[in-house]
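For the record, in the sequence shown the residue sitting at position 131 is 132 according to our numbering, with numbers rising by one throughout.
Note that the Cβ used here is the ideal one computed from N, Cα and C, for glycine as well.
Worksheet: the structure to be examined is printed underneath.
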Amino acid sequence: MKIGAQLYTLREYCKTLDGFAETLKRVADIGYTTVQVSGTCKYAPEWLDGQLKANSLTCALTHYDSKRIADDTQSVIAEHNVFGCKYIGIGSMPGGVNGNSLENFVRNYKDASKKIKNADKLFCYHNHGKEFKKHEGKLYIERLAEEFADDEMGFTLDTYWINYAGYDACEWIERLKGRVPCLHLKDMAKKLFFRKMAPVGKGNMDFDRILSSAQKADSEYLLVEQDYCYGKNPFECLRTSYEWLKSRGLQ
């Protein structure tokens, strides 16, 4: 398993191409060798390819324009080929998580997921907490797993949001074995009834157990993400997570 940085953590630094380029350099300087591209300014695929190579980085996963994935799938595939990315991701369900949106999602992305599969890539869905609510007797995430075949859609499971919803991240990582090539590592710090995001290993979640589950599930990329750093420097939060994971023998 390879650890990477989810650039959404650093979105405030990636609003321009110059800022994006400097951010990639700083992420590489921490020690990360792969990234997820999400929450950045617009970029040409060739530009991103050049910047990744200049910093000895790879792109493990994207969160891409959801409308383009559905409506312009072949162009999206071609763009990911340019910068060498296998996993084409979506950050959330368009329209929010509800019964109508689920039906629309299946209808709009079924064909796209098959095209992505035929290009030897994988469409990946990222969860928040609402996917762990029930609809017609089943959790939304269960419905999604049933509607798409294993090789049509993977899941970028988010450890924090699974925990936030009241479920066991390890159980779901192992339950979806083979469908979680990319995993979001995000810790949760609890104090009484207050919950906030924390660097990996600095919260209350059992990340040694999570790493074991990720290995059992054949996950390839463990992507560190911290949506909010509460006044702390996001680069330093990513460094703290990196050092903890490195102490566990990962890099």
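Secondary structure of TYR141 (DSSP, three-state): helix.
Between GLU148 and LYS217, the C-beta gap is not smaller than 9 Å, which leaves the two residues out of contact. When DSSP assignments are scanned along the region 109-157, the uninterrupted stretches of alpha helix (DSSP H) that are 4 or more residues long and fall wholly within it turn out to be 141-148. Counting every other CB atom within 10 Å of its CB across the protein chains shown gives GLU47 a total below 16, marking it as exposed. DSSP places CYS60 within a strand segment (E or B) once states are collapsed to three. Secondary structure at LEU251: coil, using DSSP grouped into helix, strand and coil. By the CB criterion at 9 Å, VAL77 and TYR65 fall inside the cutoff. Fewer than three Cβ pairs drawn from the region 195-205 and the region 21-39 lie within less than 8 Å of each other, which leaves the two stretches out of contact. For GLN37, no alpha helix (DSSP H) run applies; the uninterrupted beta strand (DSSP E) run containing it begins and ends at 35-38, by DSSP. GLN227 places its beta carbon less than 9 Å from that of CYS238.
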